[in-house]
Amino acid sequence: MLSDPARLPDPSPLLAGLPRGAAVLLRGVAPEVAARVARLCRQRGVLPLVSGEGRLALRIGAGLHVPDRAPTHGLLAFLSSRRGALLSAAVHGRAGVARARRIGADAVLVSPVFPTASHPGAPTLGPLRWAALARAAGRPAVALGGMSARAMRRLPRGLAAGWAGIGVWRVVSCGTQCLREVAFGR
């Protein structure tokens, strides 16, 4: 699950619907919100990651996500002190693959696979280019951009470590079971 300053500024209410081992990528959240969400994530067996803020990630005991199109502050501090914390990187093309390899990312978010509300009209990778970048990264690849359980089935079988999204998580009024059905395609 990805937070988003406009569409999902605080993912706390949705954490109960995530399975153990899922991850929450916090983008553009206030440090106090990040600390609270990270604490809730650990209680539920969910991995918290902070986007672009290595020192904040270290302070709250979270992993770090290195965005492709924005600076990452405190990357060296995180890399030298991470002690097993997850490091992920955004991949939108070959340069992102090279950066992910160079920094030793544990996983990559390869995007955008399909058209997405986050970036209307932006060019997409499609299943074949997504697969090529995922293979080139040489580490677990998560599909992002226009993703759903149905979209996941369009990707080459067995290549994606999972999929992530923002808008898919907004259906909460029908309760946790409905959320699981929407988010995980059950």
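Each residue of the sequence shown is one higher than the last, beginning at 278 in this note's numbering.
Every residue, glycine too, gets a C-beta built ideally from N, C-alpha and C.
Here the structure is a predicted model, which is why all the values come from computation and not from measurement.
- Judged by DSSP secondary structure, SER357 falls within the alpha helix (DSSP H) whose first and last residues are 352-358.
- Setting aside the 5 residues that flank it on each side, ARG371 has no residue in the same chain whose C-beta is closer than 6 Å to its C-beta.
- Burial state of GLY381 is exposed, judged by a 10 Å Cβ sphere holding fewer than 16 other Cβ atoms.
- In this structure, ILE443 sits near ALA394, with a CB-CB distance shorter than 9 Å.
- Under the three-state reduction of DSSP output, SER328 falls in the strand class.
- Taking the Cα of LEU333 as reference, the smallest distance to any Cα among ARG321, ARG346, VAL310, ASP345 is reached at VAL310.
- The Cβ neighbour count for HIS396, taken over all protein chains shown within 10 Å, is under 16; the residue is labelled exposed.
- Annotation: the stretch 366-424 contains the following complete segments of the beta strand (DSSP E) (minimum length 3 residues), in chain order: 384-387, 418-421.
- Between LEU335 and PHE355 a beta carbon distance of about 6 Å is seen, short of the 8 Å cut, so the two are scored as contacting.
- In the three-state scheme derived from DSSP, where H, G and I count as helix and E and B as strand, GLY294 is classed as helix.
- Residue pairing by DSSP puts VAL301 in a beta bridge opposite PRO325.
- The shortest C-alpha to C-alpha distance from GLY340 to any of ARG379, GLY361, ARG346 is the one to GLY361.
- Exposed is the label assigned to ALA283, since fewer than 16 other Cβ atoms lie within 10 Å of its Cβ.
- In the DSSP assignment, ALA441 falls within the beta strand (DSSP E) that extends over 437-441.
- Rounded to whole angstroms, the separation of the alpha carbons of LEU295 and VAL314 is 13 Å.
- In terms of CA proximity to ALA414, ALA366 leads the group LEU432, ALA366, ARG297, VAL390.
- Close CB contacts of LEU317 within its chain, under the 7 Å cut and outside five residues either way in sequence, are with SER289, LEU292 (chain order).
- ALA377 counts as buried, since at least 16 other C-beta atoms from the protein chains shown sit within 10 angstroms of its C-beta.
- Per DSSP, the continuous beta strand (DSSP E) segment holding GLY340 begins and ends at 340-343.
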